[in-house]
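Working notes for the structure below.
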Amino acid sequence: MKKCKSIFYTKAYARFIEDSERVKVNYFKIREGKNFAFFPYVLKDGILFSLRYGGIYTNCRKASFSERVQIHFKEYCRKNNIKKVQIRENPFIQVIKIGKVVKREPFVCLDLTKSNHQLKNEISGRHAGC
3 MKKCKSIFYT
13 KAYARFIEDS
23 ERVKVNYFKI
33 REGKNFAFFP
43 YVLKDGILFS
53 LRYGGIYTNC
63 RKASFSERVQ
73 IHFKEYCRKN
83 NIKKVQIREN
93 PFIQVIKIGK
103 VVKREPFVCL
113 DLTKSNHQLK
123 NEISGRHAGC
């Protein structure tokens with residue numbers, strides 16, 4: 003399985019979340035030959051939450067695989083009594099879309115070459131553009 007380069011999909015980050023938030027990280031996984039989908043998440047009161055930025059990471063762009071993953075994921079949620087899924091999609095990796103967008107938020111990036119004072123001013127009042 004080709005590793006995802008996002009920190010939010012690492013075992014170390016999952017352990018950090020478990021330790022800091024006193025929760026258990028669960029995993030949805032599916033593999034078909036060389037194609038796979040992987041999604042670490044936390045379940046609280048029947049609501050599935052991604053680990054900060056998340057989504058179902060995949061190495062395959064084929065629509066047929068994506069559709070099968072969606073079907074398996076919905077069945078997985080039904081079997082595990084998951085009533086709601088809340089994902090903040092990771093914009094930097096390839097993910098399989100599940101459900102519909104409820105709220106769109108702007109993407110924000112900061113120029114870390116600026117002084118601490120400049121950063122604090124931009125973050126507290128508004129987010130700086132790239």
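Just so we're aligned, residue 3 is where the sequence shown starts under this note's numbering, counting upward by one. Beta carbons: idealized from backbone N, C-alpha and C, even for Gly.
Option nearest residue i by Cα separation, candidates the options
i	options	result
Ser56	Leu112, Leu121, Pro108, Ile95	Per the sequence presented here, residue 56 reads as Gly, with Ser not at that position. Nearest of Leu112, Leu121, Pro108, Ile95 to Gly56, Cα basis: Ile95.
Lys13	Phe38, Gly35, Leu53	Leu53
Gln88	Ile100, Ile125, Glu77	Ile100
Arg33	Glu23, Val103, Phe75	Phe75
Limits of the beta strand (DSSP E) - the one that residue i falls within
i	result
Ser8	Neither: Ser8 is in no beta strand (DSSP E) and is coded neither H nor E.
Ile32	27–34
Span of the alpha helix (DSSP H), counted from its first residue to its last, around residue i
i	result
Arg17	13–23
Glu77	65–81
Cβ neighbours of residue i in the same chain (closer than 7 Å, five flanking residues each side left out)
i	result
Phe10	Leu53, Arg54, Tyr55, Gly56, Asn92
Leu121	Leu112
Contacts around residue i, its chain only, beta-carbon distance under 8 Å, and the 5 residues preceding and following it disregarded
i	result
Gln48	In the sequence as displayed, the identity of residue 48 is Gly instead of Gln. Closer than 8 Å at the Cβ level, and outside the excluded window around Gly48, lie Asn83, Ile84, Lys85, Lys86.
Asn37	Thr60, Asn61, Cys62, Lys64, Phe67
Nearest-angstrom beta carbon gap, residue j and residue i [assumed within contact, 8 Å]
i	j	result
Leu50	Cys6	With a Cβ gap of about 18 Å, Leu50 and Cys6 do not count as contacting.
Proximity test, residue i beta-carbon vs the ligand FMN heavy atom, cut-off 7 Å
i	result
Ser68	In the structure shown, the ligand FMN is absent, as is every other ligand, since no ligand is present at all.
With three or more beta-carbon pairs closer than 8 Å as the criterion, would you say the stretch 37–44 touches the stretch 19–28? Yes, the stretch 37–44 touches the stretch 19–28.
Is the stretch 81–89 in contact with the stretch 59–68, if contact means three or more CB pairs nearer than 8 Å? Verdict: no, contact absent.
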